[in-house]
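Report on the following structure.
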Amino acid sequence: MENEPVIRPTARVLLLDELDRVLLFRGQDATNPSLPFWFPAGGGIEPGETPEEAARREVREETGLTDLVLGPHIWNRRHVITISGTHLDIREVWFFARVPTFEIDTSGFTELERETVLEHRWWTQDELENTMEILTPRDLAALLRDLLVNGAPTNPVTVQI
824 MENEPVIRPT
834 ARVLLLDELD
844 RVLLFRGQDA
854 TNPSLPFWFP
864 AGGGIEPGET
874 PEEAARREVR
884 EETGLTDLVL
894 GPHIWNRRHV
904 ITISGTHLDI
914 REVWFFARVP
924 TFEIDTSGFT
934 ELERETVLEH
944 RWWTQDELEN
954 TMEILTPRDL
964 AALLRDLLVN
974 GAPTNPVTVQ
984 I
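In terms of my numbering, the sequence shown opens at residue 824 and continues consecutively.
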C-alpha cells in the first residue's frame, strides 16, 4: 500500500554525565521547521547491525565519543511520523550510558543531520521538568527522574511518544 509507513528500527542512547545531565540534540523536520524538538543521540539500525552496535556507532558519529561503555537496554518506544515527506514507523531500542562531560564533536553528522540538527546541550533534571520545549519522549523528565531514583529497570519498559 502507498500509505504504509516504512519500518525503521532505531537505537537511542540516553547519555548522562557525572552531574546527571542528559545530552540532547535540537532538531527540526525540514518540511515543518516551526516544531523543533529535543532528542537523544541515536539513529537507524543498519542491516546486519545489532541495536548495541548501532547505538555505539550513532554516538560516535553524533558526538565524537569513541569509547562508549553502553549500559542496559532501558526502554522501547514506537511511533509513526512523517519526516521530510517520508512516512516512518520508528521502533526504538533505548540504552542508558554514563559518561564524563565531554566536548561534543558533530563532524560525523550525515548531510541530513547537518541540515536538521540545530544545536545540542546537556540538560539538568530541573531544566527538563520546567521546559516548554518538545522533548523526545514527551515525558522524558519523569522517565529520567524514575531512572535516577530507582535505577535501570530489570526488563525494558515501553514508553509512550
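Beta carbons are placed, not taken as given, at the ideal position from N, Cα and C, and that holds for glycine.
*Assign M824 to buried or exposed, taking buried as 16 or more other Cβ atoms, counted over all protein chains shown, within 10 Å of its Cβ.*
Confidence at M824 is low in this model, with a pLDDT of 49, below 50, so its placement is unreliable and the value that follows should be read with caution. So M824 ends up on the exposed side.
*Tell me whether the beta-carbon of A864 lies closer than 8 Å to the beta-carbon of V892.*
no
*List the whole-angstrom C-beta distance separating F918 from V836, where the pair is believed to meet the contact cut-off of C-beta under 8 Å.*
5 Å
*asked:* On a Cα-Cα basis, can you pick out the residue from A834, F932, E841 that is closest to P923?
replied: E841
*Is the distance from the Cβ of I957 to the Cβ of H943 below 8 Å?*
no
*Tell me which same chain residues have a C-beta within less than 8 Å of the C-beta of N953, skipping the five on either side of it?*
none
*Give me the Cβ distance between G850 and V940, rounded to the nearest whole Å; I'm assuming they're in contact under 8 Å.*
5 Å
*Any idea what DSSP makes of L888, helix, strand or coil?*
coil
_The beta strand (DSSP E) that contains T833, what's its start and end?_
829 to 839
*Can you list, in chain order, the residues of its chain whose CB lies under 6 Å from that of A964, leaving out five sequence neighbours each side?*
L951, E952
*If you drop the 5 nearest sequence neighbours on each side, which residues of the same chain put their C-beta closer than 8 Å to that of E986?*
Since the first and last residues shown for the chain are 824 and 984, residue 986 lies out of range.
*How many Å lie between T959 and L967 at the Cα?*
12 Å
*Tell me, which residues are paired with G850 by DSSP?*
F860, V940
*Cβ-Cβ distance between T854 and S930 below 8 Å*: no
*CA-to-CA distance, E869 to D912, given in whole angstroms*: 15 Å
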